[in-house]
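Chemist: Residue numbers (our numbering): 78 to 174.
Below is one structure. I have some questions about it.
Okay, structure coming up:
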């Protein structure tokens, strides 16, 4: 499902126009981005939790040259799905709520 299809389905299910639905989605994404900037996790009930984690410094080996390189630490976005979402994925997505 791409963004256009998602917005159309959201508008259909909520009764809002596609423009209003697009604004709501943009607002949610913008708010999530601001939370990530401050390091706060974003938890969506029944879906999962997004959080920024620090990946530690590590040594990497280039497979073609065998050269060892130091990869600096960095921040990455992590997602931990809720138990019901994990279950749906394990069962092949057959449970549609």
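Here a beta-carbon is modelled for each residue, glycine too, at the ideal position from N, C-alpha and C.
Looking at C-alpha atoms only, which residue of 99, 132, 114, 156 is the closest neighbour of residue 148?
Modeler: For the residues 99, 132, 114, 156, the minimum Cα distance to residue 148 belongs to 132.
Chemist: Could you have a look at residue 155 and say whether DSSP puts it in helix, strand or coil?
Modeler: Strand, per DSSP.
Chemist: Give every residue of the same chain whose Cβ lies closer than 6 Å to the Cβ of residue 118, excluding the five residues on either side of it in the sequence, and list them in chain order.
Modeler: Only 126, 128 meet the Cβ criterion.
Chemist: Using three-state DSSP, classify residue 89 as helix, strand or coil.
Modeler: Helix, per DSSP.
Chemist: Go to residue 120, then tell me how far its alpha helix (DSSP H) extends in each direction, as first and last residue.
Modeler: Where residue 120 is concerned, there is no enclosing alpha helix (DSSP H), although the beta strand (DSSP E) it sits in stretches over 119 to 121.
Chemist: Out of 82, 150, 102, which one is the CA nearest neighbour of residue 130?
Modeler: For the residues 82, 150, 102, the minimum Cα distance to residue 130 belongs to 150.
Chemist: Closest by CA to residue 103, which one among 116, 92, 89, 80?
Modeler: Checked all of 116, 92, 89, 80; the closest Cα to residue 103 is 80.
Chemist: Can you have a look at residue 98 and say buried or exposed, based on whether 16 or more other CB atoms are within 10 angstroms of its CB?
Modeler: Buried.
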